[in-house]
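A quick write-up on the structure given underneath.
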Amino acid sequence: MARERPIKALTEAEAAAELERLEQEISRADRAYHQLDAPEISDAAYDALKRRNAEVEAQFPHLRRADSPSARVGATPAEGFGKIRHSVRMLSLANAFEPDEVQEFDTRIRKYLGLGADAQLACTAEPKIDGVSLALLYRDGALVHAATRGDGETGEDVTANARTIADVPQQLRGAPAVLEVRGEVYMRHDDFQALNARGADIGGRTFANPRNAAAGSLRQLDPSITRARPLSFFAYGWGTLSEPLADTQMGSIERLAALGFRTNPLTRICDGTEALLAHYREIEMQRPTLGYDIDGVVYKVNDLALQARLGFRSTTPRWAIAHKFAAETAWTRLEAIDIQVGRTGALSPVARLAPINVGGVLVSNATLHNEDYIQGRDSRGQLIREGRDIRVGDWVQIYRAGDVIPKIADVDLSRRPEGSVPYAFPETCPECGSPAVREPGDSARRCTGGLICPAQAVERLRHFVSRNAFDIEGLGARQIEAFFNDDQLPIRTPGDIFTLEARDTDNLTKLKNRSGWGETSARNLFRAIDERRRIPLHRLLFALGIRHVGETAATLLAQHFGSWAAFEGCVTGPEAEAMAELTNINGVGPVMARSLIDAFTNSAERAAIDALAAHLDIQDAEAAQVENSPITGLTLVFTGTLTRMTRAEAKARAEGLGAKVAGSVSAKTDILVAGEGAGSKATKAEALGVRVMDEDGWLELIGA
Ligand code: IVH
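The numbering used here numbers the first residue of the sequence shown as 5 and each following residue consecutively.
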C-alpha cells in the first residue's frame with residue numbers, strides 16, 4: 005500500500021474518495037470470497053483494507069458510507085436500508101422461566117376473561133426459534149416487501165435479501181388479497197458450521213453463533229452475499245390480513261403451511277398448564293437433535309376471538325408467553341471488578357473475566373448487580389450463594405440466557421487464592437469523586453454529583469440520542485462525548501443540542517474548526533437536529549431518562565395523558581393528586597410515580613426539561629385510530645360486578661378507545677358504569693350529575 009497517506013493529512017474530499025476506493029476493493033474481495041469461493045487477495049491484504057477503512061471512518065465519521073464495508077459483518081447499520089412502517093406493530097413476548105410462571109399465565113388469562121378454573125382454555129405450544137423475526141407482505145399472492153422488526157413500529161426493508169431465502173415463497177396461490185406472514189429467519193447448525201469453516205479458511209471471518217450469523221446475513225446490504233449464506237424461515241404468525249386465515253391459532257398455522265410456508269412440526273394444542281409443561285419437556289428433550297437453535301417454547305391462546313379480547317399490553321400480547329429454557333453456564337476466573345456510573349448515578353460493578361465460551365458465545369464481562377450481590381446477599385438481606393462473597397481472583401460460574409447480559413451465579417471457594425481480600429465497594433464516585441451514597445431501600449449506591457458528574461451527564465445524553473429516543477443522525481454516542489468535552493461548542497444538557505446551530509453563528513467556524521467536520525457535514529447535522537424538533541410524546545418521555553421510566557412505561561404514560569401539557573400538568577400539580585392519577589395507570593406503580601414527581605420537583609432537572617421542551621414540537625400520543633370513539637377523552641369509573649367482561653378487560657377496552665379510567669368518582673368523571681350491586685359510587689355520581697349507565701349500556705356504547 006505504497007500510496008497510503010497519513011489519515012490526518014487527508015482533506016475531506018480525499019477522504020471521501022479513499023472510502024469509495026476501499027469500498028470497491030473490499031466488495032470485490034468479498035464477492036470473490038463469498039460467491040466464487042476464489043479469494044483474489046491474501047487475508048493480510050484484506051485485513052489491511054478493512055483496517056484502513058475503519059481508521060478513515062474514525063477520523064471522518066460523517067463521511068462513513070451507507071454501504072460501508074465496516075458494516076458488513078454482524079449487524080449492518082440501519083441507515084443503509086430503506087424503512088418500512090409496520091401497519092400492525094411487531095411486538096415481543098413476555099418471558100416465563102419457571103413452571104409457576106406458566107401457571108400464573110394461565111390464571112391471569114382466566115381472571116381477565118372471567119373463566120373458571122375448570123373451563124377449557126386451549127393454547128398452542130411451539131418451539132421458540134432463536135433467530136431474527138421477519139415480516140413478509142404479499143398482495144394478490146405476490147411477495148411485495150420484507151421487513152425486520154426494527155423498533156416494532158418501523159423495520160428495515162430487507163426485501164432483496166428475503167427473496168434469496170429458499171423457504172420464503174415468492175408467489176402464493178389461494179392466499180387472501182393482503183397477507184402479511186411473520187416468522188423467524190434462522191440458520192441451521194450444519195449450514196452455520198459450513199459457513200464458519202469457509203470463513204475460517206479464508207480470513208477468520210466467523211460468527212459467534214447461528215443467531216448472529218442469521219442476523220448478520222439478513223441485514224447485509226449486498227443481497228448477493230445473503231444469497232451465499234444459507235438461511236431458513238419458519239412462519240409462526242401474521243400481521244395485516246384482508247380476511248382471517250382461520251378462527252384459531254392452530255388453524256391459521258395450518259393454513260400458512262397449506263400456502264407453502266414451513267411451519268414448525270412440533271406445534272401442538274395443549275389444554276391446561278400440565279399439558280403445556282409436558283410438551284415443553286418433550287421439546288426440551290428433542291432440542292439437541294433438532295439441528296437448529298431454540299431458546300424456549302411459546303404458548304399462545306388458540307381461540308383467536310379470545311386473543312382479540314385479551315389484546316396487548318404496551319409491548320407484549322396478553323395472549324402469549326415465551327417459556328425460556330434454563331441458562332447456559334461455565335466457570336472462569338474473575339480478573340477485576342470495574343465500576344461503571346450510569347445515567348441515574350448508580351455505581352454498577354462489572355466483572356472482567358478471563359474470556360470463556362458459554363453456550364457458543366465468548367463472554368469476557370458480566371454484571372455483578374450491586375454491592376450486596378458481591379457480598380452474598382439479595383435486596384432483602386437474605387443470603388444468596390449461602391452467603392459466599394465474590395473476590396477478585398476467584399473462580400466464578402457464569403450463566404447467560406438468550407440475549408440477557410451474562411451474570412455470575414456462583415463462586416468456588418475451594419479454588420480461592422490465598423491472601424485474597426473481600427472486595428471493598430467504593431464510597432466515592434470513580435468519575436467525579438463525589439460521595440456515593442445508598443438510600444434506605446435502594447440496592448444501588450449512587451453518585452451524588454448529579455449534573456456535575458460527567459459520567460451521569462454523558463450517559464444521560466447518550467440515552468437521549470439513542471435509537472428509540474431522539475435518534476439524531478450523525479449524533480451518536482461517540483459524537484456526544486466529543487461535544488460534551490468541547491469548550492467552544494459544548495453540549496452538556498439535551499436542550500443544548502437544539503441551540504447548537506444558533507451558537508455557531510460565524511459561518512459555522514466553531515464546528516468546522518473541529519477535526520472531521522466540514523460545511524456539508526455541519527449542515528447535515530443541523531438538518532438532522534431540526535427534523536427531530538417534532539417528536540412523539542412517548543419518545544420524549546423515554547428520552548428524558550427518568551429513573552424507572554423505560555420504553556414500556558413511556559408508552560403507557562403517553563397513551564394515558566395524550567399530550568405533554570396534560571402530563572406536565574399532572575406531575576407538577578398537587579402531589580397527592582399526581583400520585584393518585586399516576587398509580588391508577590395500569591403498569592405504573594408508586595416507585596415510578598415517585599420518580600416522575602421527583603424529576604419535576606428537582607429544580608435543576610426541571611430547568612433542563614423546560615429548556616428542552618421550549619425547542620420542541622411535541623406530538624400528541626397517537627389517538628388517531630381512537631379519535632372517533634364515543635369515549636375518546638372521557639373519564640370513566642367502573643363499579644359493581646360486571647358479568648360480560650372482567651373489570652380488567654373493561655378498563656383495557658376503555659383505555660384502548662382513548663378514555664381514562666379513574667378509581668373514584670369526582671366532578672371530573674364523565675361516565676360511571678355501574679354493574680350489579682353498585683353502591684356508594686353510584687349514589688355519589690348521581691349527586692354530582694355524572695352520567696350513569698349499566699353494563700348493557702356500556703357494551704352498546706362501545707359497540708361490543
Ligand atoms: S410469536 C406478538 N412465536 O421471539 C409477538 N415468536 O421474544 C408474537 N420468536 O419477536 C411472536 N419463535 O422474533 C412467536 N414460535 C414463535 C417464535 C417467536 C421465535 C421470536 C420472535 C419474537 C421474539 C419475542
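In this text, a Cβ means the ideal position worked out from N, Cα and C, and glycines have one as well.
Given G681, which residues of its chain have a CB within under 7 Å of its CB, disregarding the five upstream and five downstream residues? G644 and T645
T158 - partner residues in DSSP beta bridges: R89
Applying the 10 Å Cβ sphere with the 16-neighbour rule, what's the burial state of T80? Because the pLDDT of T80 is 32, which lies under 50, any placement of that residue in the model is unreliable, and the number read from its coordinates should be weighed accordingly. Result: buried.
Where DSSP assigns a beta bridge to H149, which residues make up the other side? L141
Within this structure, are the beta carbons of I589 and L560 separated by less than 8 Å? yes
Leaving out five residues before and five after A558 in sequence, what residues of the same chain have Cβ atoms less than 6 Å from its Cβ? H542, L545 and F546
Entirely within the segment 549-590 and at least 4 residues each: give me those alpha helix (DSSP H) ranges in chain order. 555-565, 568-575 and 579-587
Please confirm whether L703 and R648 have their CB atoms less than 8 Å apart. yes
Return helix, strand or coil for W521, following the three-state DSSP convention. coil
Bounding residues of the alpha helix (DSSP H) (the contiguous stretch that carries W399): No alpha helix (DSSP H) contains W399, which is instead part of the beta strand (DSSP E) from W399 to R404.
Taking three-plus beta-carbon pairs below 8 Å as touching, is the segment 141-152 in contact with the segment 98-115? no
Spell out the partners DSSP gives V60 in its beta bridges. None; V60 has no bridge partner.
At 3 residues or longer, what runs of the beta strand (DSSP E) sit wholly inside the segment 321-353? 324-328 and 332-345
Using the rule of at least 16 other Cβ atoms within 10 Å of the residue's Cβ for burial, across every protein chain shown, is N374 buried or exposed? buried
Considering only heavy atoms of ligand 1, does any lie closer than 7 Å to the CB of I133? yes
Residue(s) in a DSSP beta bridge with G380: The partner list for G380 (beta bridge, DSSP) is empty, contrary to what the question assumes.
Quick one: what does DSSP say G300 is sitting in, helix, strand or coil? strand
Given 7 Å as the limit, tell me if P321 has its C-beta closer than that to any heavy atom belonging to ligand 1. yes
Taking the Cβ atom as the reference point for each residue, do M254 and I273 lie within a distance shorter than 8 Å? yes
Looking at V305 and ligand 1, is the gap between the Cβ and the nearest heavy atom below 7 Å? no
At the level of alpha carbons, what is the spacing between G701 and R389? 57 Å
Straight-line gap, K411 to E339 (C-alpha atoms, nearest Å): 15 Å
Out of I343, A123 and F604, state which residue places its alpha-carbon closest to the alpha-carbon of G437. I343
Suppose the cutoff is 6 Å on Cβ atoms and the five residues either side in sequence are ignored; what does the same chain contact list for A334 look like? I360, V362 and I402
Quick one: what's R695 bridged to in DSSP? I675
Closest by CA to P65, which one among L23, S91 and D194? L23
Burial state of K115 (16 or more Cβ within 10 Å): exposed
What number of angstroms, rounded off, separates the C-alpha of S447 from the C-alpha of P434? 18 Å
Would you mind sorting L455 into buried or exposed? The rule is 16 or more other CB atoms within 10 Å of its CB. exposed
Can you check which of these residues, G577, A584, I622 and H619, is closest to F604 by C-alpha distance? G577
So what's S501 in DSSP terms, helix, strand or just coil? Checking the displayed sequence, the identity of residue 501 turns out to be Ile instead of Ser. Here I501 sits in helix by DSSP.
State the Cα-Cα distance for the pair R466 and A326, rounded to the nearest angstrom. 31 Å
Excluding five sequence neighbours on each side, which residues of the same chain lie with their C-beta closer than 6 Å to the C-beta of A20? L67
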